[in-house]
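Those letters in the sequence shown? Residues 6 to 122, by my numbering.
This report concerns only the one structure given below.
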Amino acid sequence: QVQLVESGGGLVQPGGSLRLSCATSVKFFSIKAMAWYRQAPGKQRELVGGIRSDGRTSFEHSVEGRFAITRDNAKNTVYRKMDSLKPEDTAVYYCNVDRRYGLWYDWGQGTQVTVSS
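Right under this line is the structure:
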């Protein structure tokens, strides 16, 4: 069974930064398009940004320019750097396969990000 383990969340003030990590046991990780998703209270889970196997990234409009995604194929890990955080970024963040390129694995537990003063 594939494991997706997100970490790095926490409480941060508006304008602050966080770096999230997602360690996976995905086979052939290097050729998978991976993505970060988030789910805010009372809302559906949404795609926030993805990284393809060639390293190209894409982002949802509301986070473009503030978020970055990288990957370390040797460690089967994908990262997300979030800058200039806003209260509306508060959510549980998850990683999984980019749904535009493949099927999801079972979801991990996610990591909570809370942006508040």
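Glycine included, every Cβ here is placed at the ideal spot set by N, Cα and C.
None of the values given here were measured: they were computed from a predicted structure.
According to DSSP, residues forming a beta bridge with Leu90: In the DSSP output, where bridge partners are listed per residue, Leu90 has none listed.
Tyr110: which of Arg76, Ala38, Asn78 and Ser22 sits nearest, CA to CA? Out of Arg76, Ala38, Asn78 and Ser22, Ala38 has the C-alpha closest to the C-alpha of Tyr110.
Of the residues Arg71, Ile36, Tyr98 and Gln6, which one's Cα is nearest the Cα of Gly21? For Gly21, the closest of Arg71, Ile36, Tyr98 and Gln6 by C-alpha to C-alpha distance is Arg71.
From which residue to which residue does the beta strand (DSSP E) around Phe72 run? Note, Phe72: beta strand (DSSP E), Phe72 to Asp77.
Could you tell me which residues DSSP puts in a beta bridge with Phe64? Under DSSP, Phe64 takes part in a beta bridge, and its partners are Gly54.
State the beta-bridge partners of Gln6 as determined by DSSP. Beta bridge pairing from DSSP links Gln6 with no other residue.
Would you tell me roughly how many angstroms separate the C-alpha atoms of Arg105 and Arg43, rounded to the nearest one? C-alpha separation (whole angstroms): 16 angstroms.
Going by DSSP in three states, Ser35 sits in which element: helix, strand or coil? Correct three-state label for Ser35: helix.
Where Thr95 and Glu69 are concerned, what is the direct C-alpha to C-alpha distance, given to the nearest angstrom? Cα to Cα, Thr95 sits roughly 16 angstroms from Glu69.
Measuring straight from C-alpha to C-alpha, what distance separates Trp112 and Tyr98? Using only the alpha carbons, I get a separation of about 11 angstroms.
Cβ-based neighbour list, Arg76, same chain, cut-off 6 angstroms, excluding 5 preceding and 5 following: Sequence-distant partners of Arg76 (beyond 5 residues in either direction) whose C-beta falls short of 6 angstroms from its own C-beta, in its chain, are Ile56 and Val83.
Taking Ser35 and Val7 to be in contact with their CB atoms under 8 angstroms, please state how far apart those CB atoms are, rounded to whole angstroms. No, Ser35 and Val7 are not in contact; Cβ-Cβ is about 15 angstroms, not under 8 angstroms.
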